[in-house]
Amino acid sequence: MAIIRRSLVVIFLLAVVALAWLWWTRPVKVDMSAYVPADSIVYFEADSLPDILGGITSTDAWRELAPAAGVETNPGGSRRLSEIVSFTGMAPSDAVVLARAQVAVAVLGFEAAEEPDATLKLTPRAALVAETHTSEWRVKAAVEKLVGGFARRSLGPERVERKEVDGVQFVTWTAASGGRRKIVTAVSESVAVIGNDEAVVQACLDARRGARPSLAGSDELKEMRVRLGSDGALAFGFAPRGSAAKVVEVFAPAFVGGVAEDTHVQSVLATVLPQLINQTIGSAGWSARAVGGGIEDAYFLSLPGDMAGRLQAPLAAGMGTESGAEMLPRDVYQVSRYSFRSPEVAWRGLGAALSSQVDVSRATIITLALEALLKPYGVEQPKEFLRACGPEMWTARLEQASEQKMLVARVRDREALLQQARAYLGRGARTERVGDVEMMISSDAENGAASFVGDYLIMGAEADVRACLIARGEGRTLKNADAFKASAQGLFDESAQARTLTDERDFVRPVLSYFAGRGDSGPARANPSALEAALARRAYSVSETRLVEGGFEKKTRSSFGLFGEIVTRFAAR
0 MAIIRRSLVV
10 IFLLAVVALA
20 WLWWTRPVKV
30 DMSAYVPADS
40 IVYFEADSLP
50 DILGGITSTD
60 AWRELAPAAG
70 VETNPGGSRR
80 LSEIVSFTGM
90 APSDAVVLAR
100 AQVAVAVLGF
110 EAAEEPDATL
120 KLTPRAALVA
130 ETHTSEWRVK
140 AAVEKLVGGF
150 ARRSLGPERV
160 ERKEVDGVQF
170 VTWTAASGGR
180 RKIVTAVSES
190 VAVIGNDEAV
200 VQACLDARRG
210 ARPSLAGSDE
220 LKEMRVRLGS
230 DGALAFGFAP
240 RGSAAKVVEV
250 FAPAFVGGVA
260 EDTHVQSVLA
270 TVLPQLINQT
280 IGSAGWSARA
290 VGGGIEDAYF
300 LSLPGDMAGR
310 LQAPLAAGMG
320 TESGAEMLPR
330 DVYQVSRYSF
340 RSPEVAWRGL
350 GAALSSQVDV
360 SRATIITLAL
370 EALLKPYGVE
380 QPKEFLRACG
390 PEMWTARLEQ
400 ASEQKMLVAR
410 VRDREALLQQ
420 ARAYLGRGAR
430 TERVGDVEMM
440 ISSDAENGAA
450 SFVGDYLIMG
460 AEADVRACLI
470 ARGEGRTLKN
480 ADAFKASAQG
490 LFDESAQART
500 LTDERDFVRP
510 VLSYFAGRGD
520 SGPARANPSA
530 LEAALARRAY
540 SVSETRLVEG
550 GFEKKTRSSF
560 GLFGEIVTRF
570 AAR
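All residue numbers for the sequence shown refer to numbering that gives the first Met the number 0, where the first residue is 0 and numbers rise by one.
See below:
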């Protein structure tokens with residue numbers, strides 16, 4: 000009996016020690032912004048990769064799309080398994096690292112390089128930082144396996160170089176054939192840093208050990224966290240004020256070449272554009288969470304000074320109807336609806352607010368830039384055109400592969416809009432009857448066509464305007480589309496100034512294909528007809544934008560959100 004008692008005591012003590020060890024080694028969340036430099040121009044963070052996967056696979060969109068695509072999943076079980084692995088650390092090194100890791104991405108700048116076809120390619124100088132909450136030897140093993148495999152798939156035959164800097168081993172993968180692309184990794188204690196530039200990797204290590212200021216001290220970052228509710232989000236992103244200007248500095252020289260031929264004008268624009276951006280745009284933020292049957296991406300763009308207050312009255316949302324949807328075909332690729340009490344007042348108010356942030360000599364550039372935004376829609380005199388429009392305006396792209404843009408405007412002054420349309424189409428325009436309405440067609444194919452349909456004006460390429468008129472005559476309009484009806488429920492409690500509906504079927508398919516290829520199931524188990532029906536119901540994104548105190552707020556609800564973009568760009572490699 001005494002032996003049994005002693006055995007039970009020993010077992011109890013061992014259990015206590017084991018539990019104490021598990022509790023002591025459990026992951027404790029850290030502030031990842033303390034691991035990246037203060038001068039980062041773009042920052043992203045995610046506290047749990049399994050939570051992101053669990054969020055995606057818990058949505059109504061996933062439950063409807065995945066089975067039809069032949070994807071067999073057990074998100075509940077896999078998530079619980081990840082939680083067990085994360086808490087105990089009992090699994091292969093790469094599994095433990097992925098289950099425990101908090102990750103951040105920092106972009107410190109951009110490099111511009113001219114391609115052989117004379118196009119400009121921008122490459123971010125970026126690094127991914129992972130706090131693995133795991134011992135260094137396990138982190139090194141996981142990095143060698145995961146990053147090494149990625150390098151072989153993305154670079155092809157590679158060269159591997161190892162060196163030590165300040166006691167930290169750097170491993171660099173480069174393509175054996177040469178070229179600029181490379182992957183640099185470094186592991187310090189429980190932290191792994193992976194980047195495409197050794198200086199950026201070193202900068203993150205320095206920020207983490209306190210040798211360089213980190214982003215954690217940014218008041219802008221703290222304010223953005225509160226505004227976007229980062230604590231309850233699957234992921235969060237931030238760009239401090241001045242980030243946009245730094246990006247513009249890189250591509251401005253190439254951009255101004257297409258705006259002006261005079262070298263002096265190009266030089267002035269290349270210098271002034273970054274300054275204008277810096278004076279008119281503040282910080283920006285993003286967060287993502289599983290909401291309303293899909294993934295909701297929330298954005299906020301702050302405006303400097305009192306710009307937001309100055310814009311409140313002119314950009315006040317109107318009470319326009321949805322009748323403009325009857326002018327567009329059901330299968331339109333992307334459509335945006337804008338609602339202002341007065342489009343002309345909104346136009347003038349926006350120009351005045353932007354101009355108030357710069358000196359008089361640069362205000363003219365803002366006016367020219369705003370006018371250039373409407374020219375692709377056939378609007379050459381914005382003030383006069385918008386004065387004749389009602390509170391409801393639509394822009395659209397009928398096909399994803401097409402760059403042609405359309406405008407559907409509610410008519411306030413028909414005669415004024417008719418004069419504007421005729422002036423744009425030119426004197427040689429002819430008239431053709433399509434169904435029960437007339438279509439005016441320019442003799443210059445670039446100017447397209449226009450048609451008045453009831454209380455609306457339709458302008459765009461001839462083929463697009465014709466497609467709209469035919470669809471209306473046959474009753475195949477956007478107004479009757481299930482996706483459009485579903486988008487009628489707003490993402491905000493109050494009216495938004497803009498709402499966009501986008502057909503993302505061609506984007507969702509490769510995401511589903513990736514997940515199908517990860518398991519034992521695949522295309523052989525997919526149901527193509529069921530998948531197409533599910534895509535027609537679920538594979539649309541809805542975005543709403545509104546002006547609030549301090550800036551612009553935007554929400555987008557879709558099947559996979561920005562996470563889908565990450566999967567299609569990187570995970571498949």
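Cβ atoms here follow ideal geometry from the backbone N, Cα and C, with glycine treated the same way.
With residue i as the anchor, note down where its beta strand (DSSP E) starts and where it stops.
{"i": "Asp502", "result": "Ala497 to Asp502"}
{"i": "Lys553", "result": "Gly550 to Ser557"}
{"i": "Glu437", "result": "Val436 to Ile440"}
{"i": "Gln333", "result": "Gln333 to Ser338"}
{"i": "Leu456", "result": "Tyr455 to Gly459"}
{"i": "Gly194", "result": "Val190 to Gly194"}
{"i": "Glu44", "result": "Val41 to Ala45"}
{"i": "Lys162", "result": "Glu157 to Val164"}
{"i": "Val168", "result": "First, the amino acid is wrong: residue 168 is Gln here, not Val. Segment Val167 to Ala174, the beta strand (DSSP E) holding Gln168."}
Buried or exposed: where does residue i fall if 16 or more other Cβ atoms within 10 Å of its Cβ makes it buried?
{"i": "Ala185", "result": "buried"}
{"i": "Asn277", "result": "buried"}
{"i": "Trp136", "result": "exposed"}
{"i": "Ile469", "result": "exposed"}
{"i": "Thr133", "result": "buried"}
{"i": "Ser81", "result": "For Ser81, the predicted model reports a pLDDT of 49, less than 50, meaning its position is unreliable; a value from the coordinates is still stated below. Buried."}
{"i": "Gly377", "result": "buried"}
{"i": "Ala45", "result": "buried"}
{"i": "Thr573", "result": "There is simply no residue 573 to check, as the chain begins at 0 and stops at 572 in what is shown."}
{"i": "Pro49", "result": "buried"}
{"i": "Ser39", "result": "buried"}
{"i": "Leu275", "result": "buried"}
{"i": "Arg556", "result": "buried"}
{"i": "Asp435", "result": "exposed"}
{"i": "Asp505", "result": "exposed"}
{"i": "Thr366", "result": "exposed"}
{"i": "Thr476", "result": "buried"}
{"i": "Pro36", "result": "buried"}
{"i": "Lys245", "result": "buried"}
{"i": "Arg545", "result": "buried"}
{"i": "Pro212", "result": "exposed"}
{"i": "Thr270", "result": "exposed"}
{"i": "Ala422", "result": "exposed"}
Mind checking who residue i pairs with in its DSSP beta bridge?
{"i": "Ala573", "result": "The displayed coordinates of the chain run from 0 to 572. Any statement about residue 573 would go beyond what the structure contains."}
{"i": "Gly216", "result": "Looking at the DSSP assignment, Gly216 forms no beta bridge with any residue, so it has no partner."}
{"i": "Thr394", "result": "Ser335 and Leu406"}
{"i": "Pro598", "result": "Any question about residue 598 goes unanswered here, given that the chain covers just 0 to 572."}
{"i": "Ser542", "result": "Thr499 and Thr555"}
{"i": "Leu121", "result": "Ala111"}
{"i": "Cys388", "result": "Val410"}
Please determine, among the options, the residue with the shortest C-alpha to C-alpha distance to residue i.
{"i": "Lys553", "options": "Arg211, Val541, Glu402 and Asp165", "result": "Val541"}
{"i": "Ala497", "options": "Leu530, Phe339, Ala515 and Thr476", "result": "Phe339"}
{"i": "Arg288", "options": "Ala129, Ile51, Val41 and Gln403", "result": "Ile51"}
{"i": "Gly350", "options": "Val331, Leu511 and Pro313", "result": "Pro313"}
{"i": "Glu63", "options": "Arg545, Thr544 and Ala535", "result": "Ala535"}
{"i": "Ala234", "options": "Val190, Asp454 and Gly284", "result": "Gly284"}
{"i": "Arg207", "options": "Trp346, Tyr337 and Ala33", "result": "Ala33"}
Taking the alpha-carbon positions, what's the residue i to residue j distance?
{"i": "Leu416", "j": "Ile565", "result": "44 Å"}
{"i": "Leu323", "j": "Glu503", "result": "For the record, residue 323 in the displayed sequence is Gly; it is not Leu. Answer to the nearest angstrom: the Cα atoms are 22 Å apart."}
{"i": "Pro381", "j": "Leu369", "result": "9 Å"}
{"i": "Ser558", "j": "Thr58", "result": "8 Å"}
{"i": "Asp230", "j": "Lys28", "result": "11 Å"}
{"i": "Ala529", "j": "Ser486", "result": "22 Å"}
{"i": "Asp573", "j": "Pro375", "result": "There is no way to answer for residue 573, as the model of the chain reaches only from 0 to 572."}
{"i": "Asn479", "j": "Gly348", "result": "35 Å"}
{"i": "Arg411", "j": "Ser335", "result": "20 Å"}
{"i": "Met223", "j": "Cys388", "result": "37 Å"}
{"i": "Met31", "j": "Leu300", "result": "22 Å"}
{"i": "Lys162", "j": "Phe169", "result": "5 Å"}
{"i": "Glu383", "j": "Ala482", "result": "34 Å"}
{"i": "Met405", "j": "Pro328", "result": "12 Å"}
{"i": "Ala150", "j": "Ile182", "result": "7 Å"}
{"i": "Ala316", "j": "Ala495", "result": "6 Å"}
{"i": "Asn195", "j": "Gly241", "result": "23 Å"}
{"i": "Ala125", "j": "Glu461", "result": "45 Å"}
{"i": "Tyr513", "j": "Val247", "result": "34 Å"}
The alpha helix (DSSP H) with residue i in it runs from where to where?
{"i": "Ile182", "result": "Ile182 -> not in any alpha helix (DSSP H); beta strand (DSSP E) instead, spanning Lys181 to Ser187."}
{"i": "Lys484", "result": "Asp481 to Ala485"}
{"i": "Tyr423", "result": "Arg413 to Leu424"}
{"i": "Arg429", "result": "Looking at the DSSP string, Arg429 is not in any alpha helix (DSSP H); the run it does join, the beta strand (DSSP E), is Arg429 to Val433."}
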